[in-house]
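Numbering (the working numbering), first residue to last: 184 to 272. Positions of the beta carbon are idealized from the N, C-alpha and C atoms, including for glycine.
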């Protein structure tokens with residue numbers, strides 16, 4: 184049985200767009216995103232998907248975006264390990 188990894192997810196909406204910050208970093212390189220419903224964000228890679236739970240207000244802000252910035256942080260530490268622009272799918 185696969186063990187679930189606890190993720191911390193924060194969505195930041197600004198004039199420059201939407202940033203989704205996750206901690207710890209993903210063990211894969213994300214390619215795109217899809218809002219699946221209120222509070223449900225899918226991160227897609229290599230034909231697979233990871234379901235992230237976010238606030239319903241955050242998915243409303245993400246829905247109109249053609250792209251978002253994904254910032255991946257280590258389990259502990261203040262600087263992102265990787266920043267990737269994800270396109271809507």
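Taking the straight line between their C-alpha atoms, what separation do you get for residue i and residue j?
i           : j           : result
residue 235 : residue 242 : 11 Å
residue 269 : residue 195 : 15 Å
residue 271 : residue 210 : 21 Å
residue 248 : residue 266 : 17 Å
residue 237 : residue 189 : 13 Å
Compare the Cα-Cα distances from residue i to each of the options and report the closest residue.
i           : options               : result
residue 208 : 257, 272 and 262      : 257
residue 262 : 219, 200 and 206      : 206
residue 197 : 244, 255 and 254      : 244
residue 255 : 200, 199, 193 and 204 : 204
residue 264 : 199, 200 and 212      : 212
Less than 8 Å between the CB atoms is what I'm expecting for residue i and residue j, so what's the real figure, rounded?
i           : j           : result
residue 215 : residue 224 : At roughly 11 Å, the Cβ-Cβ gap does not stay under 8 Å, so residue 215 and residue 224 are not in contact.
Measure the CB-CB distance between residue i and residue j and report whether it falls below 7 Å.
i           : j           : result
residue 252 : residue 191 : no
residue 239 : residue 260 : no
residue 218 : residue 193 : no
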